[in-house]
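Participant:
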Ligand code: SAH
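In the working numbering, the protein residues as written are 19 to 413.
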């Protein structure tokens, strides 16, 4: 295709030969005049061999690779990529009568850098993290309709807070398709919830904790559960189905507490085992008594949003986990997570180790958790790995 061109400096094609999907600005020798942000460009080696086609953007990552083959990025391309993504989810049994919520596209993990698509029952929520994906939203919407057939009634576009610069992109959140008579309830492992893509965080629900919630359900029987950072209460309603004695949910946002109550109520109407509190996590943990709980979930927001914040983030994880170890009943279980991409598994484990050492409790690792299969990690792009967790037994 006759796209504008970018030429790399000598030897800068090495990572591309290993299918890494980003081209940093330092690798670029020459680019055509008048490149518009978000447009598709062909990338050539210093020796003028074609190496990749991708979205151009001003910034440290100048090109996000869409394909390593010389091909046209047209409706057919988008349909192929989306149907490959859907087939993967279907082939691993993710779509079932009890589960209609899943991530259809996980950026680089589905060979579409900068694009997230989450599906909740009849609604897909598209989120762009690059100008190229933003500019492509109409054609992506068209491809999505074609690939999903009649199962999709609404497509909501939500990129107001995820694009690099808001100015001038017209990135307002809106329905690109449907939007009338939207069915509000979605299912995860047979449990109901209201995904709130319009007002909620991210695309409206954290689908990445699906498998970890299912594991928690198995541990919950007869336990007194404290779900810290509950957001929409996912872990809480699984704990209730698992036979917990009581479940307390805590989030500093009163909107989150409201959503949690709504989601618990729709699954377990008038069940007085559950109570939710709008409070700061550290304050709440400070005020509880030892032995109040024997299963505590710690799923805080990303403490390190970038590499510069790693040191403080590790302190935060240490403090939080130490507070839980300090109070949990003997024989208790802690589900502890970090969703910071900048914090590696090893760093997180070290922070939790330090917390355990401070508390002086005997702590053992029962399970090691990560992101689920609909958030795949492209092996050539390890940066796609972000969610990590530990299940701990505290004596
Ligand atoms: N566990 C949730 C996702 C957690 S997202 C799930 O399964 O869906 C992180 C949540 O932490 C957000 O809802 C945010 O409002 C809340 N939060 C952030 N800082 C907090 C604090 N200091 N104390 C309590 N909650 C906090």
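All C-beta atoms, glycine included, are put in the ideal place defined by N, C-alpha and C. These figures come from a predicted structure and were not determined experimentally.
1. Should residue 213 go down as buried or exposed, given a rule of 16 or more other Cβ atoms within 10 Å for buried?
2. Please indicate yes or no: does the CB of residue 247 lie closer than 7 Å to some heavy atom of the ligand SAH?
3. Taking the C-alpha atoms as reference points, what is the distance between residue 319 and residue 66?
4. Quick check: what's the CA-CA separation for residue 190 versus residue 176?
5. Is residue 366 near the ligand SAH - that is, is its Cβ less than 7 Å away from at least one heavy atom of it?
6. Express the C-alpha separation of residue 95 and residue 162 in angstroms, rounding to a whole number.
7. With a threshold of 6 Å on Cβ separation, who are the neighbours of residue 385 within its own chain once the five nearest residues in sequence on each side are excluded?
8. Considering only residues of the same chain and omitting the five flanking positions on each side of residue 414, which have a CB-CB separation below 7 Å?
9. Determine the closest residue to residue 139 out of 209, 56 and 157, with distance taken between C-alpha atoms.
10. Nearest-angstrom Cα distance between residue 347 and residue 405?
11. Below 7 Å, is the gap between the Cβ of residue 274 and the nearest heavy atom of the ligand SAH?
12. Pick helix, strand or coil for residue 302, following the three-state DSSP scheme.
13. Check whether the segment 302-316 and the segment 275-292 are in contact - that is, three or more C-beta pairs closer than 8 Å.
14. For residue 312 and residue 124, what's the separation of their Cα atoms in angstroms?
15. Taking the straight line between their C-alpha atoms, what separation do you get for residue 232 and residue 328?
16. Going along the chain, which residues of its own chain have a beta-carbon closer than 6 Å to the beta-carbon of residue 242, five neighbours each way excluded?
17. By Cβ distance, which residues of its chain are closer than 6 Å to residue 296, with the 5 residues on each side in sequence left out?
18. Alpha carbon to alpha carbon, how far is residue 169 from residue 339? Give it in angstroms, no decimals.
19. To the nearest angstrom, how far is the alpha carbon of residue 33 from that of residue 398?
20. Nearest-angstrom Cα distance between residue 292 and residue 266?
21. From the DSSP output, in three-state form, read off residue 13 for me.
22. Residue 92 to residue 341, Cα distance in whole Å?
23. Could you tell me the alpha carbon to alpha carbon distance between residue 207 and residue 116, rounded to whole angstroms?
24. What are the boundary residues of the beta strand (DSSP E) that includes residue 145?
25. To the nearest angstrom, how far is it from the Cα of residue 129 to the Cα of residue 344?
26. Relative to the ligand HEM, is the shortest distance from any of its heavy atoms to the C-beta of residue 224 smaller than 7 Å?
27. May I ask you to list the residues that DSSP assigns as paired with residue 350?
28. 8 Å is my cut-off, CB to CB: does residue 350 come that close to chain C?
29. Within 10 Å of its beta-carbon, does residue 54 have 16 or more other beta-carbons around it, so buried, or fewer, so exposed?
30. Would you say the beta carbon of residue 327 is closer than 7 Å to some non-hydrogen atom of the ligand SAH?
31. Could you give the uninterrupted runs of the alpha helix (DSSP H) lying entirely in the segment 347-409, keeping only those of 4 residues or more?
32. Sort 127, 27, 113 and 218 by Cα distance to residue 143 and report the nearest one.
33. Use the C-beta contact count for residue 76: other C-beta atoms within 10 angstroms, 16 or more gives buried, fewer gives exposed.
34. CB residue 284 to CB residue 234, shorter than 8 Å?
35. Are residue 119 and residue 132 touching if we call contact CB-CB under 8 Å?
36. Whole-angstrom Cβ separation of residue 60 and residue 23, contact assumed at under 8 Å?
Facilitator: Considering the structure as presented:
1. Locating residue 213 in the chain shown gives position 195, where the first residue counts as 1. With 16 or more Cβ atoms within 10 Å of its Cβ, residue 213 is classed as buried.
2. Counting from 1 along the chain shown, the entry for residue 247 is found at position 229. Yes, the Cβ of residue 247 comes within 7 Å of a heavy atom of the ligand SAH.
3. In the chain shown, residue 319 corresponds to position 301, counting from 1. In the chain shown, residue 66 corresponds to position 48, counting from 1. For residue 319 and residue 66, the distance between alpha carbons rounds to 45 Å.
4. The residue labelled residue 190 in the question sits at position 172 within the chain shown. The residue labelled residue 176 in the question sits at position 158 within the chain shown. So the alpha carbons of these two residues sit roughly 7 Å apart.
5. Within the chain shown, numbered from 1, the residue matching residue 366 stands at position 348. Checking the Cβ of residue 366 against the ligand SAH gives no.
6. For the purposes of this step, residue 162 is identified with residue 144 of the chain shown, where counting begins at 1. For the purposes of this step, residue 95 is identified with residue 77 of the chain shown, where counting begins at 1. Computed Cα separation, rounded: 12 Å.
7. Position 367 of the chain shown holds residue 385. So the list reads 409, once near-sequence residues are dropped.
8. For residue 414 there is no data in the structure shown, the boundaries of the chain being 19 and 413.
9. What you label residue 139 is simply residue 121 of the chain shown in a count that begins at 1. Cα-wise, what sits closest to residue 139 is 209.
10. Numbered from its first residue, the chain shown carries residue 347 at position 329. Numbered from its first residue, the chain shown carries residue 405 at position 387. Distance between the alpha carbons of residue 347 and residue 405 is about 27 Å.
11. Position 256 of the chain shown holds residue 274. At least one heavy atom of the ligand SAH is nearer than 7 Å to the Cβ of residue 274, so yes.
12. As a position in the chain shown, residue 302 is number 284, starting the count at 1. Helix, per DSSP.
13. no
14. For the purposes of this step, residue 312 is taken as residue 294 along the chain shown, with counting starting at 1. For the purposes of this step, residue 124 is taken as residue 106 along the chain shown, with counting starting at 1. Those two C-alpha atoms are separated by around 35 Å.
15. Walking along the chain shown from the start, residue 232 turns up at place 214. Walking along the chain shown from the start, residue 328 turns up at place 310. In a straight line, the C-alpha of residue 232 is about 30 Å away from that of residue 328.
16. One-based indexing of the chain shown puts residue 242 at position 224. For residue 242, where only same-chain residues beyond five positions count, the Cβ hits under 6 Å are 263, 264, 311 and 312.
17. Start at 1 with the first residue of the chain shown, and residue 296 comes out as number 278. Taken in chain order, the residues that qualify are 272 and 275.
18. The sequence position of residue 339 within the chain shown is 321, counting from 1. The sequence position of residue 169 within the chain shown is 151, counting from 1. Their backbone Cα atoms lie some 43 Å apart in a straight line.
19. Here the question's residue 33 lines up with position 15 in the chain shown. Here the question's residue 398 lines up with position 380 in the chain shown. Whole-angstrom Cα-Cα distance: 9 Å.
20. Here residue 292 refers to the residue found at position 274 of the chain shown. Here residue 266 refers to the residue found at position 248 of the chain shown. So the alpha carbons of these two residues sit roughly 6 Å apart.
21. As shown, the chain starts at 19 and ends at 413. That puts residue 13 outside it, with no answer to give.
22. Translated into the one-based positions of the chain shown, residue 92 becomes position 74. Translated into the one-based positions of the chain shown, residue 341 becomes position 323. Taking the straight line joining both Cα atoms gives about 53 Å.
23. As a position in the chain shown, residue 207 is number 189, starting the count at 1. As a position in the chain shown, residue 116 is number 98, starting the count at 1. Cα to Cα, the separation comes out at about 5 Å.
24. Locating residue 145 in the chain shown gives position 127, counting from the first residue. Residue 145: member of the beta strand (DSSP E) spanning 141-146, first to last residue.
25. The residue labelled residue 129 in the question sits at position 111 within the chain shown. The residue labelled residue 344 in the question sits at position 326 within the chain shown. Cα-Cα distance, rounded: 44 Å.
26. Judged by which ligands are present, the ligand HEM is missing from the structure shown, whose ligands are the ligand SAH.
27. In the chain shown, counting from the first residue as 1, residue 350 sits at position 332. Partner(s): 412.
28. Of the protein chains in this structure there is only one, and it is not chain C.
29. As a working note, residue 54 is residue 36 in the chain shown. Exposed, by the Cβ-count rule.
30. Position 309 of the chain shown, counting from 1, holds the residue named residue 327. Checking every heavy atom of the ligand SAH against the Cβ of residue 327, none is found closer than 7 Å.
31. Contiguous alpha helix (DSSP H) elements confined to the segment 347-409 occur at 363-377, taking only those with 4 or more residues.
32. As a working note, residue 143 is residue 125 in the chain shown. Ranking the options by Cα distance to residue 143, first place goes to 218.
33. Working through the chain shown from its first residue, we reach residue 76 at position 58. The residue is exposed, with fewer than 16 neighbouring Cβ atoms inside 10 Å.
34. The residue labelled residue 284 in the question sits at position 266 within the chain shown. The residue labelled residue 234 in the question sits at position 216 within the chain shown. Contact flag unset, no.
35. As a working mapping, residue 119 is identified with position 101 in the chain shown. As a working mapping, residue 132 is identified with position 114 in the chain shown. Going by C-beta atoms, residue 119 is not nearer than 8 Å to residue 132.
36. Here residue 60 is taken as the residue at index 42 of the chain shown, counted from 1. Here residue 23 is taken as the residue at index 5 of the chain shown, counted from 1. Right, the Cβ-Cβ distance comes to about 5 Å (below 8 Å), so this counts as a contact.
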